Structure formats: structure tokens, C-alpha cells
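Asks: In this note's numbering, the protein residues as written are -9 to 532.
Yeah, the Cβ is synthetic: ideal placement off N, Cα and C, and Gly gets one too.
These numbers were taken from a predicted model, which means no experiment stands behind them.
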């Protein structure tokens, strides 16, 4: 079939249109390609020339400045100081042993430090800087810098190291930092932390206290720098730098002057003390003795010094205020008294006869005063610390009511404070003994618990919270961090204790008499200054 001239003209138009579209697309592609080539060859020429020239561009992390720690009045508790050090990058060094040998001619490198550095170099990736020597003098640091051309892969750096100006006063509160360890990364509290800063050898992280519990706030974020090195690994110039974010500054609720006074009074005895503000729950001082100098851990404590701390019978490394749990003894008697008053098993004016012991099931439970106290009221039972009074009311009120009151007053609770190994103590009841001892609760257990012995355990912090709640009538919660970067940490809303105000007043009166009545067990510790009233409770446990 012959095509008409009209069909031929139509086909030609279609072919021309398609050809024009295809040509236009090709022209656009060539144009974009040309622009990209111009950008890469002209505008980015220096960058790609450096990248192609023996891979001479290195990117290194810049450790951020660690956040500072202050007391409630702005006194510095933890700060940073300059630290001159020398690092080595295996990838740039070539013959590592030869470089270390040359470096050893310039600055002193003890054999133990060299061996440690070699092990670290073998373990780390070839591009990760490894600290060879730190805390150098300015003279040694300068000599390394002058001889840098003969030390490929070696770089003198100015870093920062932690220092604690008030040393022992805050050892158990602020804690200390140290080089990140394999344990920290694999089984410790940093095991889930993917921050690349942790891969830098000798990077300092919190080990104990606030330094450890507030690590993520204090650490900050890393910066980066791009440097150009020559074929021998010598740094030629810095091409680019992006500063990191410094760690947050923390302000604690502690008053450093009061803390110092407290630590001095505790001395070298095995002791602890806690001071709380009964209006807010702020911890004003929290001391454990004996203490230690945290700076010795930052700088590297000797084996002999560390052994001296670990073998000391008074356990200076332990923060007794929160880690230690002990039978509270007679300081627990307010709990038993309030439990009995609230349950209605005793009346405020009721008296109990104390002949010096109470016999239950053929067993005698003795009072500390073997001759007995005679007829004892609630107030006298506290001021003179009569054990028989509390044996009697504990038997009547029962362990479940006693345990419930103890928890209401803060015992048996683990408070969320940024301190190491905060203990929850132990407030036992019938279910606890069955579960943990495989035995039924007996009356004798209740009598022992009523005077704060037996299975009952509490930390000094918990006893301070208990006392603050009795004094204030509020469910106070202890607080240690006052502000972060100048922003006040809100004081939580404090609910009133669900305890009759009249019953609390009776217990407070009894605690006042402990110190201020001549027959009170703490009469020798009374305060005679005008305008100051002191109340408390003594306690001795076996």
C-alpha cells in the first residue's frame, strides 16, 4: 500500500520533534556534567589535591572541657587545669619502636610507661592517638615540639585534667575521674555508651560520686579538627576546626564551709553525718570519715597508697552516709512510737511498767538499764530510751504497722541521689522473712525490730530523712543538685505526711527532752546558746 504525501509529512514532523527532545536532553546532561566538573576541578581543587596526595588529611576529635562543679555559694569544688602531653598515631609513625626510642632521648619515659604505651598502641586502631606521656613540664613539652620533624606521628598537645581544690572534704560527694577502662566500656556504667570520645586512650570519665552519676551532663560533646600531615606524619597545618560543646556546670546544695566543719569534727574516726534543710530537703553537708584525697586518683595513685586505703579497717573509700547500712538502734524508737499512736494501741498519756526486762515465750528481753525505769510515759521512754516500753508497744502494734510507718518516714527506700552505691536499707516484715530466710516471723523478731535491732538496717542518710520528716511533718525527699548551667533544679512539691499532727508533736517533745532534760540520754550535748533549740535521739546497737 502506497503512503500518501500527507502521511510522509506527518512522519517527518514526529521524527523531528523526537530528535529535538533527545538532543535537548543530551545537551542538558552535558551542561550539568560540565558544571560539576568545573566545581570539582576549580573550586574544590585544593581539597581534592590534598586528599589525593598520599591521603594527608586526618580528622581528630577535640575533647570538650569538662563541666565545673560548685557548692551552693559558688565555691569551686571541681575544676580543670592545663595538662601538657604527647600523643602518637601509629598510622603516621611508621616504625613505632624507632619513634619511641627517639622520643625517649628527649623526655624521660619510664620502662613501665613505655610498655603500657606499646600495649595501648597494639590494641587501638592505627588512626587513634595514644597518649605516650602526660603531665609534662613546659620544658619537656617545648623540647618535643622543637624536635617534632624527627618524630613522625608524634604530636605535643595541651589538654585538660581534673583537680579538686578542697580535696578530702568532698571526696565522697564529688568523687573523682580517671582514664576510661575496658571494664567501664564492657561491664560498667558506660557499656551502652557509643560516644567516640570514650575510645580516646586516657580520656577521663567519672569513676565515683557526682562525677560518675552525672557523667553525661559533665562530659559535653566532642569537637573535630582536620589537619594536614606530610608523608612522614608530621602535622603541617590545621585546615578546619569545629569546637565541641563544653560539659554542663553543676551547682550542688552543699555548703562547703559547713562541709569542712563537719569533716574536721569527724576527724579520722569511722563516722558519718548528714545535715538537711527541713524546708526543702536540700542536703547541706554529708560527710563520711575517714576520707581520702581524690586528686591522687586523677594523677595516678601508687600501689602502696592504694593498698593503704583498701586495707584500712575504717574503710576510707566507702561513703558510709549512703553505702553503709547499720542497725539504727534506739534512733528507730520514734517509728515504733508513731506506729502505735496511729494504730491506737496506746494513748498519749499511757504509761508502761519497766522492771528491767520483758519476758516473752520463756525468753527475757532486757532493757539497757537492768534495774528498770519503773513507770514510763511516752515522753520519758524517748528521753531516757527505755527498751521495755518499746518491747511492750511493739508486741501490741505488730511488725506490719511498724514496717509501714518506717517506710512512710523514709526508711527502706533508695533515694535517687547522684552518689555511688546508694543503699535502700532494710525494713523487714513477715513476707520478707519467709522469702529471704525461709522461716516464719516470731514475736521476738517484732520486739527486736521495735528497738531498731534484729533485721532492721538503715543508712545515715535514711535516718536524716526520717528525722527531717518528723521535724517538718512533710514527706521531704533529699536533693543534692541545686542547678545545672545556672538553671535551678525545681524543688519537688512536698506532700504532708499522713500522720496525726498531735502524734508528731508528742514525739518531737520527747526528742527535745532527750537533750534538754537532766535525765535525757543526750543531756551532755545540749546547746545553751540563746535562741537555739536542739532535739534529737541517741542510739546504740549491738
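Consider the Cβ of residue 124: report whether some Cβ of chain D lies at a distance smaller than 8 Å.
Replies: Absence of chain D from the displayed structure is noted, only one protein chain being present.
Asks: Rounded to the nearest angstrom, what separates residue 27 and residue 199 at their Cα positions?
Replies: By 1-based counting over the chain shown, the position of residue 27 is 37. By 1-based counting over the chain shown, the position of residue 199 is 209. The straight-line gap from Cα to Cα measures roughly 57 Å.
Asks: Over what stretch of residues does the alpha helix (DSSP H) that includes residue 324 continue unbroken?
Replies: Within the chain shown, the letter at position 334 stands for residue 324. Unbroken alpha helix (DSSP H) run through residue 324: 323 to 333.
Asks: Within the same chain, show all residues whose beta-carbon is closer than 7 Å to that of residue 309, passing over the 5 residues directly before and after it, in chain order.
Replies: Position 319 of the chain shown, counted from the first residue, corresponds to residue 309. Correct list, in chain order: 162, 278, 409, 410.
Asks: Assess, as a yes-or-no matter, whether the region 467 to 482 is touched by the region 353 to 371 under the definition of 3 or more beta carbon pairs within less than 8 Å.
Replies: Taking one beta carbon from each stretch, the region 353 to 371 and the region 467 to 482 have fewer than 3 pairs nearer than 8 Å; the two do not touch.
Asks: Take every Cβ of the region 482 to 499, pair it with every Cβ of the region 322 to 337, and state whether three or more of those distances are shorter than 8 Å.
Replies: yes
Asks: Rounded to whole angstroms, what's the CA-CA distance from residue 519 to residue 60? Just pull it up for me.
Replies: Counting from 1 along the chain shown, the entry for residue 519 is found at position 529. Counting from 1 along the chain shown, the entry for residue 60 is found at position 70. Their backbone Cα atoms lie some 32 Å apart in a straight line.
Asks: Nearest-angstrom Cα distance between residue 96 and residue 132?
Replies: Your numbering for residue 96 matches position 106 in the chain shown. Your numbering for residue 132 matches position 142 in the chain shown. Across the structure, residue 96 and residue 132 are spaced so that their CA atoms are roughly 10 Å apart.
Asks: Check residue 47 in the structure and name its three-state DSSP category.
Replies: One-based indexing of the chain shown puts residue 47 at position 57. Correct three-state label for residue 47: strand.
Asks: Mind the definition here: the region 314 to 330 touches the region 391 to 401 only if three or more C-beta pairs lie below 8 Å; say whether that holds.
Replies: yes
Asks: Which whole-angstrom value is the C-beta distance of residue 258 and residue 280, which I expect to be below 8 Å?
Replies: As a working mapping, residue 258 is identified with position 268 in the chain shown. As a working mapping, residue 280 is identified with position 290 in the chain shown. Right, the Cβ-Cβ distance comes to about 5 Å (below 8 Å), so this counts as a contact.
Asks: When DSSP builds the beta bridges, which residues end up paired with residue 356?
Replies: Position 366 of the chain shown, counted from the start, is the residue given in the question as residue 356. BP columns for residue 356 point to 347.
Asks: Decide yes or no for the touch test of the region 196 to 216 against the region 177 to 188: beta carbon pairs closer than 8 Å, at least 3 of them.
Replies: yes
Asks: If the criterion is Cβ atoms closer than 8 Å, does the pair residue 443 and residue 531 meet it?
Replies: Looking up residue 443 in the chain shown gives position 453. Looking up residue 531 in the chain shown gives position 541. Yes, these two residues count as a Cβ contact at 8 Å.
Asks: Report the three-state DSSP secondary structure of residue 308 (helix, strand or coil).
Replies: What you label residue 308 is simply residue 318 of the chain shown in a count that begins at 1. Coil.
Asks: Return helix, strand or coil for residue 302, following the three-state DSSP convention.
Replies: The residue you call residue 302 lines up with position 312 of the chain shown. Looking at residue 302 - three-state DSSP - the assignment turns out to be coil, as it is neither helix nor strand.
Asks: Cβ of residue 494 within 8 Å of Cβ of residue 468?
Replies: On the chain shown, residue 494 is found 504 positions in, with the first residue counted as 1. On the chain shown, residue 468 is found 478 positions in, with the first residue counted as 1. No.
Asks: Looking at C-alpha atoms only, which residue of 151, 172, 20, 196 is the closest neighbour of residue 189?
Replies: In the chain shown, counting from the first residue as 1, residue 189 sits at position 199. The shortest Cα separation from residue 189 among 151, 172, 20, 196 belongs to 172.
Asks: Report the rounded CA-to-CA distance for residue 153 versus residue 311, giving the unit in angstroms.
Replies: For this step, residue 153 is matched to residue 163 along the chain shown. For this step, residue 311 is matched to residue 321 along the chain shown. Roughly 24 Å between the two C-alpha positions.
Asks: Taking just the CA atoms, how far does residue 359 sit from residue 284?
Replies: In the chain shown, the residue the question calls residue 284 occupies position 294. In the chain shown, the residue the question calls residue 359 occupies position 369. Distance between the alpha carbons of residue 284 and residue 359: 45 Å.
Asks: If contacts are defined as beta-carbon pairs under 8 Å, then residue 54 and residue 234 qualify, I think. What distance do you get, rounded to the angstrom?
Replies: On the chain shown, residue 54 is found 64 positions in, with the first residue counted as 1. On the chain shown, residue 234 is found 244 positions in, with the first residue counted as 1. About 4 Å separates the two Cβ atoms, so the contact holds.
Asks: If I measure Cβ to Cβ from residue 10 and keep anything under 8 Å in the same chain, skipping five residues before and after, which residues do I get?
Replies: Mapped onto the chain shown, residue 10 falls at position 20. Excluding sequence neighbours, residue 10 sits near nothing in its chain.
Asks: Grouping DSSP H, G and I as helix and E and B as strand, with all else coil, what is residue 417?
Replies: Start at 1 with the first residue of the chain shown, and residue 417 comes out as number 427. Reduced to three states, the DSSP call for residue 417 is coil.
Asks: Beta-carbon separation of residue 202 and residue 165 under 8 Å?
Replies: Locating residue 202 in the chain shown gives position 212, counting from the first residue. Locating residue 165 in the chain shown gives position 175, counting from the first residue. In contact: residue 202 and residue 165 (Cβ atoms closer than 8 Å).
Asks: Taking the alpha helix (DSSP H) that residue 90 falls in, what are its first and last residues?
Replies: The residue you call residue 90 lines up with position 100 of the chain shown. Element bounds for residue 90: 86 to 96.
Asks: Go ahead and pull the three-state DSSP assignment for residue 470.
Replies: Residue numbering aside, residue 470 sits at position 480 when the chain shown is read from its first letter. Coil.
Asks: Between which residues of its own chain and residue 89 is the CB-CB distance below 8 Å, once the five residues before and five after are set aside?
Replies: Translated into positions along the chain shown, residue 89 becomes position 99. Contacts found: 78, 83, 141, 142, 143, 144.
Asks: Just to confirm my understanding: we take residue 299, look at its own chain, exclude 5 residues before and 5 after, and list those with CB closer than 7 Å. What are they?
Replies: For the purposes of this step, residue 299 is taken as residue 309 along the chain shown, with counting starting at 1. Excluding positions up to five away in sequence, the list reads 282, 306, 307.
Asks: Considering only residues of the same chain and omitting the five flanking positions on each side of residue 521, which have a CB-CB separation below 7 Å?
Replies: For the purposes of this step, residue 521 is identified with residue 531 of the chain shown, where counting begins at 1. Nothing meets the Cβ criterion.
Asks: Measure from the alpha carbon of residue 121 to the alpha carbon of each residue in 128, 20, 93, 341, then state which is nearest.
Replies: Here the question's residue 121 lines up with position 131 in the chain shown. Looking at the Cα atoms, 93 is the closest of the given residues.
Asks: Could you check what DSSP says for residue 74 in three-state terms: helix, strand or coil?
Replies: As a position in the chain shown, residue 74 is number 84, starting the count at 1. Strand at residue 74.
Asks: Which residue's Cα is closest to the Cα of residue 314: 325, 254, 62, 260?
Replies: Taking the chain shown and counting its residues from 1, one reaches residue 314 at position 324. Closest option to residue 314, Cα to Cα, is 260.
Asks: Among 457, 272, 243, 453, which residue has its Cα nearest to the Cα of residue 413?
Replies: In the chain shown, the residue the question calls residue 413 occupies position 423. Of the listed residues, the one whose Cα sits closest to residue 413 is 453.
Asks: Measuring straight from C-alpha to C-alpha, what distance separates residue 206 and residue 382?
Replies: The sequence position of residue 206 within the chain shown is 216, counting from 1. The sequence position of residue 382 within the chain shown is 392, counting from 1. Using only the alpha carbons, I get a separation of about 52 Å.
Asks: Would residue 417 pass as a contact of residue 402 if the rule is Cβ separation under 8 Å?
Replies: Residue numbering aside, residue 417 sits at position 427 when the chain shown is read from its first letter. Residue numbering aside, residue 402 sits at position 412 when the chain shown is read from its first letter. At a Cβ-Cβ threshold of 8 Å, residue 417 and residue 402 count as neighbours.
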